[in-house]
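Here the sequence shown is numbered in my numbering, starting from 19 and rising by one per residue. Every residue gets a Cβ at the ideal spot worked out from N, C-alpha and C, and that includes glycine. Values in this document were obtained by computation on a predicted structure and should not be read as measured data.
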Amino acid sequence: MLKVGLLGAGRIAGVHATAISTNPGSTLVAVSDINGDAAAKLAEQYGAEALTTDAILNDPAIDAVLIATSTDTHSDLIERSTAAGKAVLCEKPVDLSLARAQACQKLAAKNGKPVMIGFNRRFDPNFSALKAAADKGEIGKTELLSITSFDPAPPPVAYIKVSGGLFRDMMIHDFDMANFIMGAAPITVSAVGTSIIDPAIGEAGDVDTAVVTLTYADGRIAVIKNSRRAVYGYDQRVELLGSEGLLQAQNMLENTVVKSTTEGVTGAKPTYFFLERYMPAYAAEWAAFVAAVNAGSALPVTLDDGVAALAMAEAATQSAKTGKPVALSEVLGA
Ligand SMILES: NC(=O)c1ccc[n+]([C@@H]2O[C@H](COP(=O)([O-])OP(=O)(O)OC[C@H]3O[C@@H](n4cnc5c(N)ncnc54)[C@H](O)[C@@H]3O)[C@@H](O)[C@H]2O)c1
19 MLKVGLLGAG RIAGVHATAI STNPGSTLVA VSDINGDAAA KLAEQYGAEA LTTDAILNDP
79 AIDAVLIATS TDTHSDLIER STAAGKAVLC EKPVDLSLAR AQACQKLAAK NGKPVMIGFN
139 RRFDPNFSAL KAAADKGEIG KTELLSITSF DPAPPPVAYI KVSGGLFRDM MIHDFDMANF
199 IMGAAPITVS AVGTSIIDPA IGEAGDVDTA VVTLTYADGR IAVIKNSRRA VYGYDQRVEL
259 LGSEGLLQAQ NMLENTVVKS TTEGVTGAKP TYFFLERYMP AYAAEWAAFV AAVNAGSALP
319 VTLDDGVAAL AMAEAATQSA KTGKPVALSE VLGA
């Protein structure tokens, strides 16, 4: 039984607390948050103790920590947790600074404890089935990947200001999805972005609508489309074209009823947002972490994957500013 400390008691921590408690291989023993009331409330809900982060890291009975604190704390907490001998699952992104994330990557490797990054979409049953079919060669040689990822509504501008920008905060999931499906990192990243939904987002120095094109050494191409607003709900689709066919992962809908009348044919909207769409994925992500840590086997998503996606976000941010493609090697200093 993996004994787990949860760092953070905010929005996503609540989702993880459920996953930890319902998994038969793990138990939630403690929760910490700089907001002591939030930690106490979440801990009580799951029969755990509210402790400080130091107390969790110093407790030898705690095997693993799940880091669900604000992004600016991730690198520090990964370093401290692995130094304390804990296995780690940390929410995305690793950091907002690529250089800081790379320093964390080096130190965590030295500490030698497993670190997984919370790219939950890899565990979505639709996307993982698409990936499995592609890997089995069911559409021949893959050629063109298209990822659509639209949020239902933009977050508050106060959040945008500390988010690190759309590419690091939002498209980071899609960069990882591209790496997951293509099985390789791209060689160039070209981005265009605009703040067409809310001028206040532009005034805060960010974009709310963006398209990125990725090129690969073997000639393949990927396109990622992001928007902070889709009035019909959370639009999360992946399409992969190959030499022998096409794979498409469609949206999850609120229900499967299709109404056909003389007026036309209509159906339900996509589920509203990530908590509705990805709940099974968060549980599967945690289950994969527990299984790998208990078996001492390789993690399905690593800190290296987190840094790889962040490098693409960095390249996209630069490209959107300059209007020029950016070689990933330039960003990585390779
Ligand atoms: N994978 C996903 O789908 C997904 C979804 C939402 C958020 N996230 C990521 O999860 C992280 C948290 O997001 P959220 O929406 O839950 O934010 P949130 O603001 O609701 O929660 C963050 C919590 O961390 C606490 N905190 C901040 N610094 C701390 C510290 N040093 N020690 C202990 N606690 C501290 C805050 O008090 C707050 O309660 C972010 O990095 C975000 O990018 C991932």
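Exercise for the section: Determine contact between the stretch 74–86 and the stretch 25–43, defined as no fewer than three beta-carbon pairs at a distance below 8 Å. Expected result: Output reads yes: the stretch 25–43 touches the stretch 74–86.
Handout entry: Element boundaries [beta strand (DSSP E), containing residue 278]
Key = Residue 278 -> beta strand (DSSP E) spans 276–279.
Handout entry: Pair within 8 Å by beta-carbon distance, residue 320 and residue 133
Key = Yes, these two residues count as a Cβ contact at 8 Å.
Handout entry: Contact under 8 Å by Cβ, residue 161 with residue 39
Key = Not in contact: residue 161 and residue 39 (Cβ atoms no closer than 8 Å).
Exercise for the section: Indicate, with yes or no, if ligand 1 has a heavy atom lying under 7 Å from the CB of residue 74. Expected result: Short note on residue 74: C-beta not closer than 7 Å to any heavy atom of ligand 1.
Exercise for the section: Report yes if the C-beta of residue 110 is less than 7 Å from at least one heavy atom of ligand 1; otherwise report no. Expected result: At least one heavy atom of ligand 1 is found less than 7 Å from the C-beta of residue 110.
Exercise for the section: In angstroms with no decimal places, state the Cα-to-Cα distance between residue 255 and residue 72. Expected result: Looking at the two C-alpha atoms, the distance is approximately 41 Å.
Practice task
Look at residue 252 and residue 289 and say whether their C-beta atoms are less than 8 Å apart.
Solution key: Result yes, Cβ atoms of residue 252 and residue 289 sit closer than 8 Å.
Problem - 3 or more residues per run - each beta strand (DSSP E) lying fully within the stretch 167–219 - result: For the stretch 167–219, whole beta strand (DSSP E) runs of length 3 or above, ordered along the chain, are 206–212.
Exercise for the section: Compute the beta-carbon to beta-carbon distance between residue 34 and residue 110, rounded to the nearest angstrom, for a pair I have assumed lies under 8 Å. Expected result: About 13 Å separates the beta carbons of residue 34 and residue 110, which is beyond the 8 Å limit, so they are not a contact pair.
Practice task
Could you check if residue 97 is buried or exposed, using at least 16 other CB atoms within 10 Å of its CB as the buried criterion?
Solution key: Residue environment analysis places residue 97 among the buried positions, since at least 16 neighbouring C-beta atoms fall within 10 angstroms of its C-beta.
Problem - For residue 90, the three-state DSSP class (helix, strand or coil) - result: Looking at residue 90 - three-state DSSP - the assignment turns out to be helix.
Problem - Short Cβ contact (8 Å threshold) for residue 121 with residue 106 - result: No; because the gap between Cβ atoms is not below 8 Å, this pair is not in contact.
Handout entry: Three-state secondary structure (DSSP) of residue 339
Key = When secondary structure is reduced to three states using DSSP, residue 339 falls in the helix class.
Exercise for the section: Would you mind giving the Cβ-Cβ distance between residue 282 and residue 276, rounded to the nearest angstrom? I have them listed as a contact below 8 Å. Expected result: No, residue 282 and residue 276 are not in contact; Cβ-Cβ is about 11 Å, not under 8 Å.
Problem - Proximity test, residue 118 beta-carbon vs ligand 1 heavy atom, cut-off 7 Å - result: Not under cutoff, so the answer is no.
Exercise for the section: Helix, strand or coil for residue 330, going by three-state DSSP, please let me know. Expected result: Three-state DSSP puts residue 330 in a helix.
Practice task
Output yes or no for whether 8 Å exceeds the beta carbon distance between residue 157 and residue 242.
Solution key: With respect to the 8 Å criterion, residue 157 and residue 242 are not classified as neighbours on the basis of their beta carbons.
Handout entry: Among 145, 126, 219 and 112, the one whose alpha carbon lies nearest that of residue 298
Key = When only C-alpha atoms are compared, the closest one is 145.
Problem - Residue(s) in a DSSP beta bridge with residue 164 - result: Residue 164 has 241 and 257 as its beta-bridge partners, per DSSP.
Exercise for the section: Check whether the Cβ of residue 138 sits closer than 7 Å to any heavy atom of ligand 1, and report yes or no. Expected result: If you check the C-beta of residue 138 against ligand 1, you find a heavy atom less than 7 Å away.
Exercise for the section: Tell me whether the beta-carbon of residue 239 lies closer than 8 Å to the beta-carbon of residue 227. Expected result: Contact: no.
Problem - As assigned by DSSP and simplified to three states, the class of residue 99 - result: Residue state, collapsed to three classes: helix.
Exercise for the section: Assign residue 79 to one of three DSSP states: helix, strand, or coil. Expected result: Residue 79 falls in the coil class under three-state DSSP.
Practice task
Mind reading off the beta-carbon distance from residue 244 to residue 167? Whole number of angstroms is fine, and I expect it under 8 Å.
Solution key: Sure, about 5 Å apart at Cβ, within 8 Å.
Handout entry: Own chain partners of residue 259 with C-beta closer than 6 Å, once the 5 adjacent residues on each side are dropped
Key = Around residue 259: 161 and 162.
Problem - When 52, 68 and 64 are compared against residue 58, the one with the closest alpha-carbon - result: When only C-alpha atoms are compared, the closest one is 68.
Handout entry: Start-to-end residues for the beta strand (DSSP E) that takes in residue 155
Key = For residue 155, there is no enclosing beta strand (DSSP E), as DSSP gives it neither H nor E.
Handout entry: Given residue 303 as reference, the closest of 20, 25 and 41 once Cα atoms are compared
Key = Considering only 20, 25 and 41, the residue with the shortest C-alpha distance to residue 303 is 41.
Exercise for the section: Given a cut-off of 8 Å, decide if residue 328 and residue 119 are closer than it, judged by their beta-carbon atoms. Expected result: The answer is yes: Cβ separation under 8 Å.
Problem - Proximity test, residue 295 beta-carbon vs ligand 1 heavy atom, cut-off 7 Å - result: For ligand 1, not one heavy atom lies less than 7 Å from the Cβ of residue 295.
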